[in-house]
Structure formats: C-alpha cells, structure tokens
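To start, the structure itself, in structure tokens.
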Amino acid sequence: MKKLLILLCFISFKLSAQLGYYPSNGGVGAGMGNCMVADQSYASIFGNQAGLAFLKQPSISLYGERRYFLSALNGFGSGYAHPTNSGTFLIKAQYFGYNAYNEQQIGVGYARKFLDNLSVGIQINYQGFNIQDYGSKGTFSFEAGLQYLINNNFAIGFQIINPIAVKITENDYLQSVYKTGLSWKASKLLTINTEVEKSQNFDLRFKGGINYKIMDQFYLRTGIKTNPTEYCFGAGFIVSQKFLFDIAGTYHQILGISPTLGVNYQF
340 MKKLLILLCF ISFKLSAQLG YYPSNGGVGA GMGNCMVADQ SYASIFGNQA
390 GLAFLKQPSI SLYGERRYFL SALNGFGSGY AHPTNSGTFL IKAQYFGYNA
440 YNEQQIGVGY ARKFLDNLSV GIQINYQGFN IQDYGSKGTF SFEAGLQYLI
490 NNNFAIGFQI INPIAVKITE NDYLQSVYKT GLSWKASKLL TINTEVEKSQ
540 NFDLRFKGGI NYKIMDQFYL RTGIKTNPTE YCFGAGFIVS QKFLFDIAGT
590 YHQILGISPT LGVNYQF
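The numbering used here applies: residue 340 is where the sequence shown begins, and numbers increase by one.
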C-alpha cells in the first residue's frame, strides 16, 4: 500500500510536469541510461534525429516498456528511417499511458550531413492527449538536433525538444527539454556515453552509459541517471545480419524495475 501511494503521487507529478516528452530511447537507450544524444546508430530513431544522417541502411525499430511493471504505465514506440543521397527521412509513433490517461505522438523527421563530420536533424510532431471522461486535446511541436564528429573516436551531440511553450490547457504546457552529450569509442569493443539533460521545472540530470561488445553477436550495456537516481542494465543480440534484439531494465530504489524490449530490422 505504501508503494502504491508513493507511486500515485509520483505519477500525478510526472504527468502534470512532462507533457509531450518521451524519455525512452528504445531498447538500446534503456540499457545505457537513455544517454544517446551523441549516438549515430539505429537507436537515433528514438533519440537525436541528427544521428540518422550517418545511417547506411533503412531501419525499422520497435520497443515496448512497462514502467515499474504497471499496466497503467505502458510505453510503446515504432519508427522507420530511410537514408537517401539527399538525407535520411524518418516517421515514427509513440504512446504512453493506458485507457484512462494516455499521450500519443506522431513525428516526421529529416536529417542531413552538411560536412563529413557535421549533421543536423529536425522533427515535426503531433502531440495527442486523452483523459477519460474529460476528452482529448492535440497540438503540434518540434524538436531538433546537431552532431559533430570531433574525430573517429569522439562525437558530441545537442538536442532541443519542445523549445516553444505550447499551451495544452489553462495551466499545462508542453515540456521543454535540452540535452548535450559526448560519445567516446574507447576501442572497437567499448563505447562510453555521457549526457546532461535539463527539463523545465526539473533539476539538471546527469547520465552515463556503456556499451561493450562481448562477442560478435552479443553486447552488454549499463548506465546510470541522477535526479532521481536510476540504475540501468541491458543486452543486445544480433540474431542475423538484419535482425537485432535488445532487452533492458531500469531500477528505481523505491518504485522498482522498468523492463524494456526492443527489436530492429535493417534492410
């Protein structure tokens, strides 16, 4: 009962304060503390759009999460990124909540390299909100990102989400989020990511994540986030040359574990 009361207070606060922001970066990001603003892999479908400019193959990504094993806190996402000679095009959809309260997002994006080591991405979103017995509300927003490859081993990323205070109700606005981070390829097997995130009405949040290739078809991941402190862990499996499977969990000391599953198919 104590955990339920704490959780209800937590949910109420989060829903009122983070409208229109989906913190999950899918199965890969969940295992690395969602520390992906400087990443250039298929995980950029749910992360920094600028990273998609480096994508070489069309990719479909799906993920599902259940925060603290509660059906009322389900999250789902699907996205398709298609690289061309003119840049990479993106379409994706995300959902969070349950029948009584839910948020939906449909986004279309575009990423392009302007130099061999510089990329920019932008995404236009339709945000939908539904509260049972109170009706639905929808609005438009956007997000944008930039990545710069310092050299073959270091990349830096920036991202802004909902930078304009779009009004949802009399007292609620879309949550503005700002991120910057660094990705370091310490070796052919090890990648270390760091990130700083500032959300409106929230303290500065620090994140760190590690992706380690144990063998040709298997990755281990771990990460940490502050404010609140959460510990992350995960694994990635290369099932075939085109099919990848990711599993992850995030641990909160009071509320427990949030599992995430992700799949990716590369054409």
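All C-beta atoms in this analysis are idealised placements derived from N, C-alpha and C, irrespective of residue type, glycine included.
Query - Buried or exposed by the 16-neighbour rule on C-beta atoms within 10 Å, applied to V459 - result: The residue is buried, with at least 16 neighbouring Cβ atoms inside 10 Å.
Query raised in the report: Taking the runs of the beta strand (DSSP E) that are 3 residues or longer, which of them lie wholly in the stretch 486-560?
Result: If we require 3 residues or more, the beta strand (DSSP E) runs fully inside the stretch 486-560 come out as 493-500, 516-524, 529-538, 544-554.
Query raised in the report: Of the residues S526, L529, G520, K524, which one's Cα is nearest the Cα of V535?
Result: Ranking the options by Cα distance to V535, first place goes to G520.
Query raised in the report: What residue from F497, H591, Y517, E442 has the CA that sits closest to Q471's CA?
Result: Cα-wise, what sits closest to Q471 is E442.
Query raised in the report: How would you label S526, buried or exposed, when you count the other beta carbons within 10 angstroms and need 16 or more for buried?
Result: Looking at its Cβ environment, which holds fewer than 16 other Cβ atoms inside 10 Å, S526 is exposed.
Requested in this report: Taking 9 Å as the cut-off, decide whether the C-beta atoms of S522 and A483 are in contact.
Outcome: The beta carbons of S522 and A483 sit no closer together than 9 Å.
Query raised in the report: Roughly how many angstroms separate the alpha carbons of S538 and D511, rounded to a whole number?
Result: Going from the Cα of S538 to the Cα of D511 covers about 15 Å.
Query raised in the report: Got a sec? Which residues, its chain only, sit under 6 Å from L412 by beta carbon, not counting five neighbours each side?
Result: Correct list, in chain order: R406.
Query - Boundaries of the beta strand (DSSP E) in which V602 is found, first to last residue - result: In this chain, the beta strand (DSSP E) harbouring V602 covers 595-605.
Query raised in the report: Going by the CB atoms, is the gap between G403 and D585 shorter than 9 Å?
Result: Contact: no.
**Report entry** Endpoints, the beta strand (DSSP E) within which G414 is located
**Finding:** The continuous beta strand (DSSP E) containing G414 extends over residues 413-423.
Report task. Note the first and the last residue of the continuous beta strand (DSSP E) segment covering V459. Result -> V459 -> beta strand (DSSP E) spans 457-470.
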